[in-house]
Amino acid sequence: MSKGNRLAILTIVFTLLFVLAGCNNRRSVRRVAGAYPATVVPAAARTLPPLPVRPLSPELAELRARAATVAAATRELAWDSDVGMTELSGWEYGTRSREMAEVLGGNDLRALSRLGIAGGMLPEGTDLATLAASFAAVSANATYSPLDKQVLLLADKNSSDSLLTHEFVHALQDQHFDLLNLLLARPYSFDRAEAMFAVVEGDAVGVQRRVDTNGAWERKSLDEIARAEDERFNDYRQEVGRLFPPLLTETFIFRYRDGTRFVEAVRRARGEKGVDELFRHPPQSSEQILHPEKFLSNAPDIVPRNIELDESIFSANNWRVVASTPLGETGVRGLLMAGLSTKDAARAAAGWGGDRAYLFESAKGRGTPLFVWKTVWDKPEEAMECFNAYNALKRNSGNVSKDASNDGAQIIWRNAQRSTIVKRAGDTVLILRGADADVLAALENSLR
803 MSKGNRLAIL TIVFTLLFVL AGCNNRRSVR RVAGAYPATV VPAAARTLPP LPVRPLSPEL
863 AELRARAATV AAATRELAWD SDVGMTELSG WEYGTRSREM AEVLGGNDLR ALSRLGIAGG
923 MLPEGTDLAT LAASFAAVSA NATYSPLDKQ VLLLADKNSS DSLLTHEFVH ALQDQHFDLL
983 NLLLARPYSF DRAEAMFAVV EGDAVGVQRR VDTNGAWERK SLDEIARAED ERFNDYRQEV
1043 GRLFPPLLTE TFIFRYRDGT RFVEAVRRAR GEKGVDELFR HPPQSSEQIL HPEKFLSNAP
1103 DIVPRNIELD ESIFSANNWR VVASTPLGET GVRGLLMAGL STKDAARAAA GWGGDRAYLF
1163 ESAKGRGTPL FVWKTVWDKP EEAMECFNAY NALKRNSGNV SKDASNDGAQ IIWRNAQRST
1223 IVKRAGDTVL ILRGADADVL AALENSLR
């Protein structure tokens, strides 16, 4: 991301932590809205070495006080206690990023990497844990750490009121709503966690923009806001987008662009108290973030459907679940963008009703892993659109069609010694990837 367009972000560790959130969860998200479960990662697992103690310069102390005051006044939340700010050298900042990445889910990130690779969604060799630590160290000059309860500032870098106001909004969120409880409560799903991250970042970006523009931003339409936030990522797409698939880059952008639009829609309809409720009763899916009008009207099709496979059948066939998570509408969209236009991918993903992706490995510890992804759609016609879009993705990605059923409802693709079955049945689309014999047997089990 270019220097001029860098966004102040809550550490990228949490960005990728949200991606991994449901990795080891074998049960689907509850269908009822409400606060997240109280079970969180034990406190001992959150421990980090103490930060260095060094005083701020008078200029930075004044900047800290000013940003904290503006954040509280704009967000209409009072401080429970002062929030510290610590300057770190580049080495210290990078080290802290790596420590946070490992403490907050290094093993889970590695499990998610395996799921994405098995599904053909991520390149072979992708290690999200390493990416999280590396990206965290270079992507922002400041970040709020819920583990340290402080704003961490990269020394010898220009720090603006705007940047620090954003980070102090995160500190307010933490004091009032307990970010660690929201981010680390189990069980998580990728989809619900993406929605939560969109609320966290959308809230902070909205405050930042309102302060920066002296009210002009509030006169923009929601679509204008989304377009403006999207344009801020043009350099990011050119620089980072060339290195990583859209499933990673576009879902990262989703948190800022669509999160900002969503939170502002809620704020305009229900005020700052309505935004507070987003933390007390968080959205359940990225679909709700992408369609705030449905969320605000409590549309019946906005609640994600509960999707599960019968794991006992797979267990009886010597498969064990390594990871499972819903990907949500934003995950479907990001995946399809690898081979389709942004507009076509968004249209194909828009009818999403629920899903869950699984990574199975042989209980005997050998052989090709098995990827099974079950998606359901609001209408059979929308399942057909997803089916066609995914097959277009495979065709555009250089896969070779091996076989198609007479009714056109099943196509088998082959690439890199693995077969992918795409099966449509009513409002359901199943995608399976693995060895030939394994995917054919798994298809039958997945339809039960």
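Using the working numbering, the letters of the sequence shown correspond one by one to residues 803 to 1250.
Glycine is no exception: its CB is placed at the ideal position from the N, C-alpha and C atoms.
Next on the checklist: For R1212, list the residues DSSP reports as bridge partners.
Outcome noted: Along the sequence shown, one-based indexing puts residue 1212 at 410. Contrary to the premise, residue 1212 reads as Gln rather than Arg in this sequence. DSSP output for Q1212 lists K1225 as bridge partner(s).
Item to check | Enclosing beta strand (DSSP E) for Q1331 [first to last residue] | outcome: Outside the shown range of the chain, which is 803 to 1250, sits residue 1331, and nothing can be said about it.
Item to check | Cβ-Cβ separation, N943 to L930 (assumed contact under 8 Å), whole Å | outcome: Taking the sequence shown and counting its residues from 1, the one referred to as residue 930 is at position 128. Taking the sequence shown and counting its residues from 1, the one referred to as residue 943 is at position 141. Not quite, the Cβ-Cβ distance comes to about 23 Å (not below 8 Å), so this is no contact.
Next on the checklist: Taking the beta carbon of N1193 as the centre, do at least 16 other beta carbons fall within 10 Å, making it buried, or is it exposed?
Outcome noted: As a working mapping, residue 1193 is identified with position 391 in the sequence shown. By the 10 Å Cβ count, N1193 comes out buried.
Checklist entry - DSSP puts L954 in a beta bridge; with which residues? => result Along the sequence shown, one-based indexing puts residue 954 at 152. DSSP lists T888 and T945 as the beta-bridge partner residues of L954.
Checklist entry - Is DSSP giving G922 helix, strand or coil here? => result Position 120 of the sequence shown holds residue 922. G922: coil per DSSP, three-state reduction.
Checklist entry - For the beta strand (DSSP E) that contains R1235, what are its first and last residues? => result For the purposes of this step, residue 1235 is identified with residue 433 of the sequence shown, where counting begins at 1. Start and end: T1230 to G1236.
Item to check | Uninterrupted beta strand (DSSP E) stretches inside the region 1108-1135 (no shorter than 3 residues) | outcome: 1121-1127
Checklist entry - Just how far apart, CA to CA, sit G1008 and V872? => result On the sequence shown, position 206 is the one that residue 1008 refers to. On the sequence shown, position 70 is the one that residue 872 refers to. In a straight line, the C-alpha of G1008 is about 13 Å away from that of V872.
Checklist entry - Taking the beta strand (DSSP E) that S1164 falls in, what are its first and last residues? => result Mapped onto the sequence shown, residue 1164 falls at position 362. Per DSSP, S1164 is one residue of the beta strand (DSSP E) stretching across W1154 to S1164.
Next on the checklist: Between which two residues does the beta strand (DSSP E) holding V1174 run?
Outcome noted: By one-based count along the sequence shown, residue 1174 stands at place 372. Here the beta strand (DSSP E) through V1174 covers L1172 to W1179.
Item to check | Start-to-end residues for the alpha helix (DSSP H) that takes in A1000 | outcome: Here residue 1000 refers to the residue found at position 198 when the sequence shown is read from its first residue. Segment F992 to T1015, the alpha helix (DSSP H) holding A1000.
Item to check | According to DSSP, residues forming a beta bridge with V1202 | outcome: Your numbering for residue 1202 matches position 400 in the sequence shown. BP columns for V1202 point to R1216.
Item to check | Of the listed residues A1147, Q1212 and A1152, nearest to A1191 (C-alpha basis) | outcome: Taking the sequence shown and counting its residues from 1, one reaches residue 1191 at position 389. Nearest option by C-alpha distance: A1147.
Checklist entry - Applying the criterion that 16 or more other CB atoms from any shown protein chain within 10 Å of the CB defines a buried residue, is S752 buried or exposed? => result Absent from the model: residue 752. The displayed extent of the chain is 803 to 1250, so no value can be given.
Next on the checklist: Rounded to the nearest angstrom, what separates G1228 and E1187 at their Cα positions?
Outcome noted: Translated into the one-based positions of the sequence shown, residue 1228 becomes position 426. Translated into the one-based positions of the sequence shown, residue 1187 becomes position 385. G1228 and E1187 have their C-alpha atoms some 12 Å from each other.
Checklist entry - Looking at C-alpha atoms only, which residue of E926, R856 and R868 is the closest neighbour of A1218? => result Position 416 of the sequence shown holds residue 1218. Minimum Cα distance to A1218 is reached at E926.
Item to check | Coil, strand or helix - Q1086 by DSSP | outcome: Stepping through the sequence shown from its first residue, residue 1086 is reached at position 284. Q1086: coil per DSSP, three-state reduction.
Item to check | 4-residue-minimum alpha helix (DSSP H) runs that sit fully inside the region 1036-1104, ordered along the chain | outcome: Every unbroken stretch of the alpha helix (DSSP H) spanning 4 or more residues and falling wholly within the region 1036-1104 is given here in chain order: 1036-1041, 1048-1082, 1088-1092 and 1094-1099.
Checklist entry - Are R1216 and K1204 closer than 9 Å when you measure CB to CB? => result As a working note, residue 1216 is residue 414 in the sequence shown. As a working note, residue 1204 is residue 402 in the sequence shown. The Cβ atoms of R1216 and K1204 lie closer than 9 Å to each other.
Next on the checklist: Could you tell me the alpha carbon to alpha carbon distance between Q1090 and T1127, rounded to whole angstroms?
Outcome noted: Taking the first residue of the sequence shown as position 1, residue 1090 is located at position 288. Taking the first residue of the sequence shown as position 1, residue 1127 is located at position 325. Approximately 17 Å between the Cα atoms of the pair.
Item to check | Cβ-heavy atom distance, K1196 to the ligand GTP, below 8 Å | outcome: The model on display carries no ligand, and the ligand GTP is accordingly not part of it.
Next on the checklist: Counting beta carbon pairs with one atom in the region 990-997 and one in the region 889-905, are three or more of them shorter than 8 Å?
Outcome noted: no
Checklist entry - Do T1230 and G1136 have their CB atoms nearer than 9 Å? => result Walking along the sequence shown from the start, residue 1230 turns up at place 428. Walking along the sequence shown from the start, residue 1136 turns up at place 334. No, Cβ-Cβ distance for T1230 and G1136 is not below 9 Å.
Item to check | Proximity to K1176 [Cα-Cα], best of R1107, A1206 and R912 | outcome: In the sequence shown, residue 1176 corresponds to position 374, counting from 1. Nearest option by C-alpha distance: R1107.
Checklist entry - Just curious, the alpha helix (DSSP H) that P857 is in, first and last residue? => result As a working mapping, residue 857 is identified with position 55 in the sequence shown. Per DSSP, P857 belongs to no alpha helix (DSSP H) and is neither H nor E.
Checklist entry - Under the three-state reduction of DSSP, which class applies to K1145: helix, strand or coil? => result Within the sequence shown, residue 1145 is the residue found at index 343, counting from 1. Correct three-state label for K1145: helix.
Checklist entry - Helix or strand or just coil, what does DSSP make of T871? => result Position 69 of the sequence shown, counted from the first residue, corresponds to residue 871. Three-state result, T871: helix.
Checklist entry - By a C-beta neighbour count over all protein chains shown, 10 Å radius and 16 as the cutoff for buried, is S961 buried or exposed? => result Counting from one through the sequence shown, the residue named residue 961 turns up at place 159. With 16 or more Cβ atoms within 10 Å of its Cβ, S961 is classed as buried.
Checklist entry - Roughly how far, in whole angstroms, is the beta-carbon of A973 from the beta-carbon of V1042, given that I think they are within contact range, below 8 Å? => result Here residue 973 refers to the residue found at position 171 when the sequence shown is read from its first residue. Here residue 1042 refers to the residue found at position 240 when the sequence shown is read from its first residue. Actually they are not in contact, since the Cβ atoms of A973 and V1042 sit about 27 Å apart, beyond 8 Å.
Checklist entry - What first and last residue would you give for the alpha helix (DSSP H) that runs through L1024? => result Mapped onto the sequence shown, residue 1024 falls at position 222. First-last of the alpha helix (DSSP H) with L1024: L1024 to E1033.
Item to check | For K1196, three-class secondary structure by DSSP | outcome: Looking up residue 1196 in the sequence shown gives position 394. It is helical.
Item to check | Through-space distance from L853 to L1111, alpha-carbon basis | outcome: In the sequence shown, the residue the question calls residue 1111 occupies position 309. In the sequence shown, the residue the question calls residue 853 occupies position 51. Their Cα atoms are separated by approximately 45 Å.
Next on the checklist: Would G1053 and E1031 qualify as a contact pair, given that the criterion is a beta-carbon distance under 9 Å?
Outcome noted: Looking up residue 1053 in the sequence shown gives position 251. Looking up residue 1031 in the sequence shown gives position 229. Contrary to the premise, residue 1053 reads as Thr rather than Gly in this sequence. No, the pair does not count as a contact, with Cβ atoms beyond the cut-off.
Item to check | Within 9 Å, strictly: CB atoms of A1206 and P1084 | outcome: Numbered from 1 along the sequence shown, position 404 holds the residue referred to as residue 1206. Numbered from 1 along the sequence shown, position 282 holds the residue referred to as residue 1084. Result no, Cβ atoms of A1206 and P1084 do not sit closer than 9 Å.
Checklist entry - Does the Cβ-Cβ distance between P1047 and L924 come in under 9 Å? => result The residue you call residue 1047 lines up with position 245 of the sequence shown. The residue you call residue 924 lines up with position 122 of the sequence shown. Going by beta carbons, P1047 and L924 fall inside the 9 Å limit.
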